[in-house]
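Input: a single structure, listed below in structure tokens.
There are 2 protein chains.
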Amino acid sequence: MFTACELGVFDLLLESGKPLSSDAIAACLGASTMGMERLLDACVGLKLLAAEMTLEGGKEALYRNTEISNIYLTKSSPKSQYHIMMYYSNTVYLCWQYLADAVREGRNQYERAFGISPKDPFGAMYRSDEEMLKFMAGQNSVWSICGRDVLAAFDLSPFTQIYDLGGGGGALARECVSLYPNSTVTIYDLPKVVQVAKEQFVSPEERQIAFHEGGGVLLVESLLNEDKSGPVETQLYSMNMLVQTEGKERTAAEYSKLLEAAGFGVIRVRRTGKLYDAVLGRK
Amino acid sequence: MFTACELGVFDLLLESGKPLSSDAIAACLGASTMGMERLLDACVGLKLLAAEMTLEGGKEALYRNTEISNIYLTKSSPKSQYHIMMYYSNTVYLCWQYLADAVREGRNQYERAFGISPKDPFGAMYRSDEEMLKFMAGQNSVWSICGRDVLAAFDLSPFTQIYDLGGGGGALARECVSLYPNSTVTIYDLPKVVQVAKEQFVSPEERQIAFHEGGGVLLVESLLNEDKSGPVETQLYSMNMLVQTEGKERTAAEYSKLLEAAGFGVIRVRRTGKLYDAVLGRK
Chain R
1 MFTACELGVF DLLLESGKPL SSDAIAACLG ASTMGMERLL DACVGLKLLA
51 AEMTLEGGKE ALYRNTEISN IYLTKSSPKS QYHIMMYYSN TVYLCWQYLA
101 DAVREGRNQY ERAFGISPKD PFGAMYRSDE EMLKFMAGQN SVWSICGRDV
151 LAAFDLSPFT QIYDLGGGGG ALARECVSLY PNSTVTIYDL PKVVQVAKEQ
201 FVSPEERQIA FHEGGGVLLV ESLLNEDKSG PVETQLYSMN MLVQTEGKER
251 TAAEYSKLLE AAGFGVIRVR RTGKLYDAVL GRK
Chain W
1 MFTACELGVF DLLLESGKPL SSDAIAACLG ASTMGMERLL DACVGLKLLA
51 AEMTLEGGKE ALYRNTEISN IYLTKSSPKS QYHIMMYYSN TVYLCWQYLA
101 DAVREGRNQY ERAFGISPKD PFGAMYRSDE EMLKFMAGQN SVWSICGRDV
151 LAAFDLSPFT QIYDLGGGGG ALARECVSLY PNSTVTIYDL PKVVQVAKEQ
201 FVSPEERQIA FHEGGGVLLV ESLLNEDKSG PVETQLYSMN MLVQTEGKER
251 TAAEYSKLLE AAGFGVIRVR RTGKLYDAVL GRK
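First to last, the protein sequences are chains R and W. Under full-length UniProt numbering, the first residue of the first sequence carries the number 1, and numbering increases by one thereafter. Under full-length UniProt numbering, the first residue of the second sequence carries the number 1, and numbering increases by one thereafter.
Quick look at the structure:
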């Protein structure tokens, strides 16, 4: 799936508007026919492509995208996961190669994977403008499919001034404004992230900068069960934070404790049943 | 799963004979407590470990192997998959990092992954005695769980002289002798493989060397559907052969054609419903 995305298989099949043969796809994408045929057949097995035999030729298969590929794997789709997949393919996969070292040492593996000091994980993740841009585009991919659920988990319409801490490329803010038309969202992030967000992701019409004291904070996180017995996706996220950052996933009780210590009196938790959950703290 | 195997988590829990805390496991295996706790919880989510809370302490979890881990993930079990997993972890994973290049170029990725010439894939796989030994132990892991099914797919009792081409570490031969007590099996492989097999895997009592003209040949392969639409495991195997070797997976018809060309008149195919299938050709 990752390789077919990287090579542009799904984009080509969307643009062509008709099923294509393995040879045609290989020629268009500058790939070997032997390798491409095998990749396409594996994508059929994974239900990312559908193949039909030509009536005339008899033996040649023609490939087309399945609906799920058109929605999630083409670059141009509003719900495209292309950017986050490329981030996983080119950064996360390389860190996970050193998972055993990460568990032994209890720290991230940027040094082994990229020769970069592990002391400042966000410095490592944002080691070049290009890498930062890829990460921001990747985060936007995620919020294009997960954003609405976490924002609708609570009725946030009483909050007209909303602050998105670490809001990056602005896709969550965009979902928020769409769901709560009376809200304004202020994105807080590192200065260089904000600069790129303004240049590349959020147009001036969309953006409003505001400051506000007090209010509520919505934590958008993937919650561990209280006994940490699951969900397995969240446990694996926590493994990933070990190899890539200094953070970890937490239980609802752990987040509540953090919020209480920061002076939030009323704390409520909602699980969305999807990857990200919502914790609301009020001052 | 791979990292917990590599660090020896399942072996330690088997040997200890009692559930252990995360701190105890980390200390025994020389790992960080922070990384180990996260790894253990992820293994609980993957159902490779079970955790129970201590009654006295209240909050500390004790971890033990699940049955599947005792059978397949401990080194000492007769059905241990430890060696093949280490092979996947340290060789296959690294080649798959370059899957897009493999599809572009239509050839294996030993050069990018290990700086080794891709022209002789078995030379690359057997680039040192240690690597060859790991590969042979890995193959033996596979036959310890898949061997009996392919050998029982046909009644091979009429064949008392059996030749195992590329028989490596001898685990398939051992299953064959166990299932057909009247058979003798001759392993054919590269001279250095045979030497290591004799020294490390097959004791003199087990081994009989014999030659025989004619007879039958049992191809033990993972068969693609005739339209190559699946099974997805076999398609992924074929992708792996692209990044690691020069071979590919084939359909039953393709194998039949190869056998016919080699003079085998009667060819029969049986799918086992598991990973490997059986094709019998008779002369």
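The beta carbon of each residue, even a glycine, is placed where N, CA and C say it ideally should be. Note that the coordinates shown come from a computational prediction; the quantities given were computed from them, not determined experimentally.
The DSSP-derived three-state label of TYR110 of chain W is helix. In this structure, the beta-carbon distance from GLU233 of chain W to SER222 of chain W falls below 8 Å. A direct Cα-Cα distance of roughly 15 Å separates SER238 of chain R from TYR255 of chain R. Relative to the Cα of VAL217 of chain R, the nearest Cα in the group R:PHE114, R:ILE25, R:VAL92, R:VAL185 belongs to R:VAL185. Boundaries of the beta strand (DSSP E) around TYR188 of chain R: 184 to 188. Secondary structure note for LEU62 of chain W: its beta strand (DSSP E) is the uninterrupted segment 61 to 65. By the CB criterion at 8 Å, LEU40 of chain W and SER69 of chain W fall outside the cutoff.
According to the DSSP assignment, GLY216 of chain R belongs to the beta strand (DSSP E) that extends over 216 to 221.
For LEU165 of chain W, the enclosing beta strand (DSSP E) starts and ends at 161 to 165. Remark: C-beta atoms of VAL194 of chain W and TYR276 of chain W do not approach each other more closely than 8 Å. Only TYR93, LEU94, GLN97, LEU99, ALA100, ALA102, VAL103, ARG104, GLU105, GLY106, ARG107 from the segment 93 to 114 of chain W bring a Cβ to less than 8 Å from some Cβ of chain R. Between ASN225 of chain W and VAL92 of chain W, the C-beta spacing is not below 8 Å. In the DSSP assignment, MET53 of chain W falls within the unbroken beta strand (DSSP E) covering 49 to 53. In this structure, MET136 of chain W sits away from CYS5 of chain W, with a CB-CB distance that is not shorter than 8 Å. Residue range 129 to 152 is occupied by the alpha helix (DSSP H) that includes ASP149 of chain R, with no beta strand (DSSP E) assigned at that position.
Within 8 Å of the CB of ARG38 of chain R, the CB atoms of chain W belong to VAL103, GLN235, SER238, MET239, LEU242, LYS248, in sequence order along the chain.
In this structure, MET1 of chain W lies away from LEU49 of chain W, with their beta-carbon atoms at least 8 Å apart. With respect to the C-alpha of LEU280 of chain R, the residue from R:VAL266, R:GLU130, R:GLU60, R:TYR72 having the closest C-alpha is R:VAL266. The three-state secondary structure of VAL202 of chain R, taken from DSSP, is coil. Under the Cβ criterion of 8 Å, MET34 of chain R is counted among the residues facing chain W. Collapsing the DSSP output to three states places ASP277 of chain W in a strand. In the DSSP assignment, VAL193 of chain R falls within the alpha helix (DSSP H) that extends over 191 to 196. Sequence-distant Cβ neighbours of ARG271 of chain R in its own chain, meaning closer than 6 Å and more than five residues away, are ASP277. Under the 10 Å beta carbon count, GLU175 of chain R is surrounded by 16 or more other beta carbons and is classified as buried. For ILE267 of chain W, the uninterrupted beta strand (DSSP E) segment begins and ends at 266 to 270.
C-alpha of GLU260 of chain R to C-alpha of ARG268 of chain R: approximately 11 Å in a straight line.
Beta-bridge partners assigned by DSSP to ARG282 of chain W: W:GLY216, W:VAL266.
Cβ-Cβ separation between ALA124 of chain R and LEU94 of chain R: approximately 12 Å, too far for a contact (criterion under 8 Å). Put simply, the CB of ASP277 of chain W is far from chain R, with every gap to its CB atoms at 8 Å or more. Under the three-state reduction of DSSP output, LEU20 of chain W falls in the strand class.
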